[in-house]
Amino acid sequence: MQLFFLGTGAGVPAKTRNVSSLVLKLLDELNEMWLFDCGEATQHQILRTSLKPRKITRIFITHMHGDHIFGLPGFLSSRSFQGGDTPVTLYGPKGLKFYIEACLNYSRTRLTYPIEIVELDPYGGEIQLPNKWKVTYLPLNHGVLSFGYRIEEPDKKGELLVDKLAEYNIPNGPLFGKLKRGEIVELEDGTILNGKDFVGEDSKGRIVTILGDSRPCDNLTILAKDADALVHECTYQADETSMAHSHFHSTSAQAATVAKNAKAKNLYLTHISARYLGPDAKALEDEAKSIFPHSHLVYDLNEFSIDYRK
Ligand code: ZN
């Protein structure tokens, strides 16, 4: 499981940062990738990576501002040309369906794969997915309806400790299955083994929270509770609180406070204004770190692994 940032800029494309988009890579877990927002030229950013558009099976849109959706029609269309024939489900606020259908219809675009567009409940809810994966979403505070998404992986059962079993010379077969289920088995020589002694600990499923643009509000912290990875916008520096407020955005310090209160493990700061270059961008990270040490200011094409909690 990895987070791959395609665009980390706010508002308009800049030389150093493209507009919002990121991929949650679930290749080992589900053989899928999920795209969150799709600003203009997201497909150009994908060309600079080894990401395969046909592996993107779900697209989550946080809100309908142009810097988060202007890349969608182009991406969907190119996915057809690149051999994508598997279905795509899109989730987002009301208006997403009309927007996509209008773009595809007026440009006479025919996709080679089916799409389903799910307009989400403005008050929040839960998206049920196969294999016990769960996505919860809640509205934030951004002037227009903006969602935050909380992705929860199911817990992972402990692995059979093969090395520990090696000394017993157990033949391949049903005994392994029984031990893995924690059952008690008797070997041919009369040795009794308890499966529970040979199975590693269960791993708690990982939690990834990806928040849309927002002013500070309670739902940010609710969605981010105990998250292993928290993606939060950081449009302004710490001392620009009133500017952030009037534009319905957050500062570095406000983002870090959400991570701290939610007891998140790592905070990734994105949606960075092009005004902050070099040392100024570093200053944003330092401001966040002074409140929440595990803060990372991200750049386009950065990738981060999300590990299980020990
Ligand atoms: Zn916005």
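In this text, residue positions in the sequence shown follow the working numbering: the first is -9, and each later residue adds one.
Backbone N, C-alpha and C define an ideal beta-carbon position, used for all residues, glycine too.
Looking only at its chain, what residues have a beta carbon closer than 8 angstroms to the beta carbon of residue i, apart from the 5 residues adjacent to it on each side?
i	result
Val106	According to the sequence as given, residue 106 is Glu; it is not Val. Pro77, Val78, Thr79 and Leu80.
Asp18	Met(-9)
Lys45	Leu17, Asn21, Glu22 and Met23
Using DSSP bridges, identify the partner residues of residue i.
i	result
Gly115	Tyr127
Val198	Ile141 and Ala219
Phe(-5)	Leu12
Lys250	Lys250 is not bridged to any residue.
Val108	Tyr81
Met23	Lys15 and Ile46
Ser295	Gln(-8)
Glu176	Ile182
Leu287	Leu259
For ligand 1, is there any heavy atom lying closer than 7 angstroms to the beta carbon of residue i?
i	result
Asp203	yes
His286	no
His132	yes
His53	yes
Once the 5 residues before and after residue i are set aside, which same chain residues still bring their CB inside 7 angstroms of it?
i	result
Gly114	Tyr127, Leu128 and Pro129
Asn292	Phe(-5)
Glu176	Ile182
Pro206	Ser240 and Gln244
Glu191	Gly148
Gln33	Gly61, Gly64, Phe65 and Ser68
Suppose you measure from the CA of residue i to the CA of residue j; what does that come to, to the nearest Å?
i	j	result
Thr260	Arg171	43 angstroms
Tyr139	His58	15 angstroms
His27	Leu62	The sequence shown places Asp at residue 27, rather than the His named in the question. So the two alpha carbons sit approximately 8 angstroms from each other.
Gly82	Pro112	10 angstroms
Thr199	Ala243	18 angstroms
Gln35	Ile296	22 angstroms
Ala4	Ile49	24 angstroms
Gln118	Ile160	41 angstroms
Tyr103	Pro120	20 angstroms
Ala214	His286	16 angstroms
Asn184	Glu277	52 angstroms
Val152	Phe60	50 angstroms
Tyr226	Ile262	7 angstroms
Tyr298	Ala92	42 angstroms
Gly308	Leu14	Any question about residue 308 goes unanswered here, given that the chain covers just -9 to 300.
Met233	Lys272	20 angstroms
Asp187	Lys300	19 angstroms
Phe88	Leu101	16 angstroms
Excluding sequence positions up to five away, which residues of its chain have a Cβ less than 6 angstroms from the Cβ of residue i?
i	result
Pro144	Lys122 and Gly195
Phe282	Ala246, Ala249, Lys250 and Leu257
Gly133	Phe238
Ile141	Val125 and Val198
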